[in-house]
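Residue numbers (full-length UniProt numbering), protein chains in the order written: chain F, 1 to 319; chain W, 1 to 319. Worksheet: one structure, shown below.
There are 2 protein chains.
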Amino acid sequence: MAVYTEVTDDALAEFLELYEIGRLVAFRGIAEGVENSNFSLRTTDGDFILTLYEKRVDPADLPWFLGLMEHLAAKSLPCPLPVRARDGANLNKLAGKIAAITTFLPGIWPRRPAVAHCAPLGEALARLHLAGADYAPTRANALGPEGWRPLFARCAGSADTVQAGLGAALDASLDAILAAWPDNLPRGHIHADLFPDNVFFLDGKISGLIDFYFAATDLYAYDIAVCLNAWCFENDFSFNITKSRALLRGYQSVRPLAEAERATLPVLCQGAAIRFLLTRLYDWINTPDGALVTRKDPLAYWRRLRFHAQARSEGDYGL
Amino acid sequence: MAVYTEVTDDALAEFLELYEIGRLVAFRGIAEGVENSNFSLRTTDGDFILTLYEKRVDPADLPWFLGLMEHLAAKSLPCPLPVRARDGANLNKLAGKIAAITTFLPGIWPRRPAVAHCAPLGEALARLHLAGADYAPTRANALGPEGWRPLFARCAGSADTVQAGLGAALDASLDAILAAWPDNLPRGHIHADLFPDNVFFLDGKISGLIDFYFAATDLYAYDIAVCLNAWCFENDFSFNITKSRALLRGYQSVRPLAEAERATLPVLCQGAAIRFLLTRLYDWINTPDGALVTRKDPLAYWRRLRFHAQARSEGDYGL
Numbered sequence: 001m002a003v004y005t006e007v008t009d010d011a012l013a014e015f016l017e018l019y020e021i022g023r024l025v026a027f028r029g030i031a032e033g034v035e036n037s038n039f040s041l042r043t044t045d046g047d048f049i050l051t052l053y054e055k056r057v058d059p060a061d062l063p064w065f066l067g068l069m070e071h072l073a074a075k076s077l078p079c080p081l082p083v084r085a086r087d088g089a090n091l092n093k094l095a096g097k098i099a100a101i102t103t104f105l106p107g108i109w110p111r112r113p114a115v116a117h118c119a120p121l122g123e124a125l126a127r128l129h130l131a132g133a134d135y136a137p138t139r140a141n142a143l144g145p146e147g148w149r150p151l152f153a154r155c156a157g158s159a160d161t162v163q164a165g166l167g168a169a170l171d172a173s174l175d176a177i178l179a180a181w182p183d184n185l186p187r188g189h190i191h192a193d194l195f196p197d198n199v200f201f202l203d204g205k206i207s208g209l210i211d212f213y214f215a216a217t218d219l220y221a222y223d224i225a226v227c228l229n230a231w232c233f234e235n236d237f238s239f240n241i242t243k244s245r246a247l248l249r250g251y252q253s254v255r256p257l258a259e260a261e262r263a264t265l266p267v268l269c270q271g272a273a274i275r276f277l278l279t280r281l282y283d284w285i286n287t288p289d290g291a292l293v294t295r296k297d298p299l300a301y302w303r304r305l306r307f308h309a310q311a312r313s314e315g316d317y318g319l
Numbered sequence: 001m002a003v004y005t006e007v008t009d010d011a012l013a014e015f016l017e018l019y020e021i022g023r024l025v026a027f028r029g030i031a032e033g034v035e036n037s038n039f040s041l042r043t044t045d046g047d048f049i050l051t052l053y054e055k056r057v058d059p060a061d062l063p064w065f066l067g068l069m070e071h072l073a074a075k076s077l078p079c080p081l082p083v084r085a086r087d088g089a090n091l092n093k094l095a096g097k098i099a100a101i102t103t104f105l106p107g108i109w110p111r112r113p114a115v116a117h118c119a120p121l122g123e124a125l126a127r128l129h130l131a132g133a134d135y136a137p138t139r140a141n142a143l144g145p146e147g148w149r150p151l152f153a154r155c156a157g158s159a160d161t162v163q164a165g166l167g168a169a170l171d172a173s174l175d176a177i178l179a180a181w182p183d184n185l186p187r188g189h190i191h192a193d194l195f196p197d198n199v200f201f202l203d204g205k206i207s208g209l210i211d212f213y214f215a216a217t218d219l220y221a222y223d224i225a226v227c228l229n230a231w232c233f234e235n236d237f238s239f240n241i242t243k244s245r246a247l248l249r250g251y252q253s254v255r256p257l258a259e260a261e262r263a264t265l266p267v268l269c270q271g272a273a274i275r276f277l278l279t280r281l282y283d284w285i286n287t288p289d290g291a292l293v294t295r296k297d298p299l300a301y302w303r304r305l306r307f308h309a310q311a312r313s314e315g316d317y318g319l
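This is the structure in structure tokens:
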């Protein structure tokens, strides 16, 4: 469910007056997405996505996100291009929320990621990293390693209600991961949330990378670790090294990894696993029973974390 | 939330092979709708809606619904046209559900119905009634007057948990409505659920009538009564007679009402109010707390029912 805010006809008509994108033809809520309200918008000029930013996004971050998207789109990365209003603004108000119009991207996201998706994904991720390199503004990663301890502190007390012993196990894992965390790897702007539902494919090629609202400035290789977690585990939590190898090779065909990036893959992957584990755990504990949002099981990332904790080297990821 | 069933890429690709509608370009879940899973589907041939029928729709009824839509579309009513597969079938299986592809209709549904919407709505409803007259198959209205007592019996015991005294009040209302129910009015195929979210407008004109999955063979004037309930009350439950007059005049500009239809508007409107009250009451009591569907307040229809119960004649509706 990704329509949290009702947009009235009058408000929409008034909002569209701010833009030079023709007259309204169709307007439907989009079911996908969790954080914001998204609508598909058709005008006499073409197709667009209208996003209303809901409370989880800090308005102060929006210019950075939209600037990054504009920068990447200008470098031919297939990401949504924010449409500027007649006055040049790419953010405006609608129904009491900050809103943006972006271009529509064709394609569908893979419900069942296959090996064939992983090489194009790796290539696209590396292209994203290279294309973003000269986008000057930075954004600290609130959900990066500095954020994990404070986030854990907010849900540690309830961790054992999800699984007996989980609190102590997470505490120990966090200690180990943070102690081993590399701080001298190549850095830049990362997507930080490139899950399958944020990647559109068309005829076997990537046609869209969307949802840049967790993007931040952090380790490139950490972004790869997020993807390894998101794309390379099967439903039974077994790790598919063929997918992982394809993803890493695709990435390296565009941006070869430094020795230190390859060597630290196991701890980077543990960090990525614990990041999603912690936000899921937090949401699990804090989502009211009657809420419209489906809670995602934090233990799916506990299983991933355990895999990465026993990995010894890049070889365990197919390199 | 209107995506209950996940459709995998492979299953979708295989399904689309059954049709001659070009290659897949985009596929997104649609947030609107409650009963079924709906997706917007773009192919190289154009835009379509893909519907997966969920458990509330009886598969045995689907050929009747789709046949009616095909019949109405052939008479230029702006309703979705079911697309036939290469073998001529308009229903096929996808992701374990029965599924249909229909044409895409432009426009947006009015979030705040205004007087200006009501005359076109009335006209369109009358056109729907006339266009359907020579569609031979019939479908009994399971949610028509014969269905109200059995439905009430399934939730009467819990009615007082919604509002003290509601059970006895509904019992008495049902007796009065059923005793006064007219049985000699003009009959034919009715939409039976023409709420604002099922009516698209474009540039002030109706561009789409959708969601025929409550359609049935019943009194034409009862369909008008559903619309009067759905379109003519303000948020404070006051009845807007200007809207009602516009709706009825619009209807009569296409299909003049018989004297008996006009005279029985108050009881028909009570019937329509109690029909939605009962299904909402049933859902209210039977929807689990953690469900993804927003429960609609049954008391909104109790307020409407009280208005109609004090109406004396067609004059109370602006005629």
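Ideal Cβ placement from N, Cα and C applies to all residues, glycine included.
In the DSSP secondary-structure assignment, S37(F) is bridged to L52(F). Collapsing the DSSP output to three states places I98(W) in a strand.
Within the DSSP secondary-structure output, R42(W) pairs in a beta bridge with A26(W) and D47(W).
In the DSSP assignment, D9(F) falls within the unbroken alpha helix (DSSP H) covering D9 to L16.
Listed along chain F, the residues sitting closer than 9 Å to E6(W) by beta-carbon distance are R111. If you look at R255(F), you'll find it isn't in any beta strand (DSSP E); DSSP assigns it neither H nor E. Spatial neighbours of A142(F) in its own chain (CB-CB distance under 8 Å, excluding positions within 5 residues in sequence) are listed in chain order as A216. Contact of G29(F) with chain W is assigned, a C-beta pair being separated by under 7 Å. Q310(W) counts as exposed, since fewer than 16 other beta carbons sit within 10 angstroms of its beta carbon. Within the segment 100 to 133 of chain W, P106, G107, I108, P110, R111 and R112 place their CB atoms closer than 7 Å to a CB of chain F, listed in sequence order. DSSP places F233(W) in the strand class (E or B) of the three-state scheme.
In the three-state reduction of the DSSP assignment, L209(W) falls in the strand class, which pools E and B. Annotated three-state conformation of K296(F) is coil, per DSSP. In this model, F39(W) and Y317(W) are separated by some 38 Å (Cα to Cα).
Pairing L81(F) with F200(F), the inter-Cα distance amounts to about 15 Å. Under a 10 Å Cβ-count criterion, R255(W) is classified as buried, with 16 or more other Cβ atoms of the shown protein chains found around its own Cβ. Contact between L77(F) and A131(F) holds: CB atoms are separated by about 5 Å, below the 8 Å threshold. Taking 7 Å as the CB threshold, D197(F) stays off the interface with chain W.
Interface flag for E14(W) against chain F is unset, since no Cβ pair is found closer than 7 Å. Residues of the segment 295 to 318 of chain F that bring their beta carbon within less than 8 Å of a beta carbon in chain W are absent altogether.
T264(F) carries a coil assignment under DSSP once its states are collapsed to helix, strand and coil. Contact check for G167(F) against A156(F) passes: the beta carbons are separated by less than 7 Å. With fewer than 16 other Cβ atoms inside 10 Å of its own Cβ, T8(W) counts as exposed.
Judged by beta-carbon spacing, T264(W) lies within the 7 Å limit of P182(W), meaning their Cβ atoms are closer than that value. Three or more beta-carbon pairs separated by less than 8 Å link the segment 225 to 241 of chain W to the segment 295 to 315 of chain W, which places the two stretches in contact. Residues of the same chain with a CB within less than 7 Å of the CB of I108(F), apart from the 5 flanking positions on each side, are F200 and F201 in chain order. Just so you know, the alpha carbons of G208(W) and L257(W) end up roughly 24 Å apart.
Scanning its chain for C-beta atoms nearer than 8 Å, with the 5 sequence neighbours on each side dropped, one finds around A95(W) the residues T5, E6, V7, T8, A11 and L52, in chain order. Going by DSSP, L219(F) is part of the beta strand (DSSP E) stretching over A216 to L219.
In this structure, the beta-carbon distance from W231(F) to P120(F) does not fall below 7 Å. Contact annotation: the segment 168 to 181 of chain F does not touch the segment 21 to 35 of chain F, with fewer than three C-beta pairs closer than 8 Å.
Closest in alpha carbon position to I210(W), among L170(W), L185(W), R139(W) and A192(W), is A192(W). When only Cα atoms are considered, R84(W) and L128(W) end up about 22 Å apart.
A133(F) places its beta carbon 7 Å or farther from that of L185(F).
Think of a sphere of 8 Å around the beta carbon of V25(F): the chain W residues whose beta carbon falls inside it are P106, G107 and L202, in chain order. Against chain W, a Cβ distance below 7 Å from D9(F) picks out I108, P110, R111 and R112.
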